[in-house]
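>
Residue numbers (the UniProt record's numbering): 1 to 75.
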């Protein structure tokens, strides 16, 4: 499974009752993610990739932003 699919699956796992999740989905506007949801998403990403999320992920606005940040870290 590629990184995009792994991120999408992690986000979908947290937001199981939300609208369709795509790479272009905006966390706040499209998926209605609140601060608790965002923490849960980042925790799921940590578990999936075996890493510790840091403040560099605080400015993500779309699912694709998460992928870009992970790729920048070598995943």
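Where is the CB? At the ideal position from N, CA and C, for every residue including glycine. None of these values were measured; they are calculated from a predicted model.
(1) Contact check, residue 63 vs residue 21 under 8 Å by CB: the rounded distance?
(2) Measure the alpha-carbon distance for residue 15 versus residue 74 and round it to whole angstroms.
(3) Please say whether residue 67 and residue 41 have beta carbons closer to each other than 7 Å?
(4) Out of 5, 18 and 37, point me to the one whose CA is closest to residue 30's CA.
(5) For residue 55 and residue 39, I'd like the C-alpha separation in whole angstroms.
(6) Tell me the DSSP bridge mates of residue 62?
This is what the structure gives:
(1) Rounded, the Cβ-Cβ distance is 6 Å, consistent with contact.
(2) Going by the C-alpha atoms only, they are around 26 Å apart.
(3) No.
(4) Nearest C-alpha to residue 30: 18.
(5) The straight-line gap separating the alpha-carbon atoms of residue 55 and residue 39 is approximately 12 Å.
(6) Answer is 26, bridged to residue 62.
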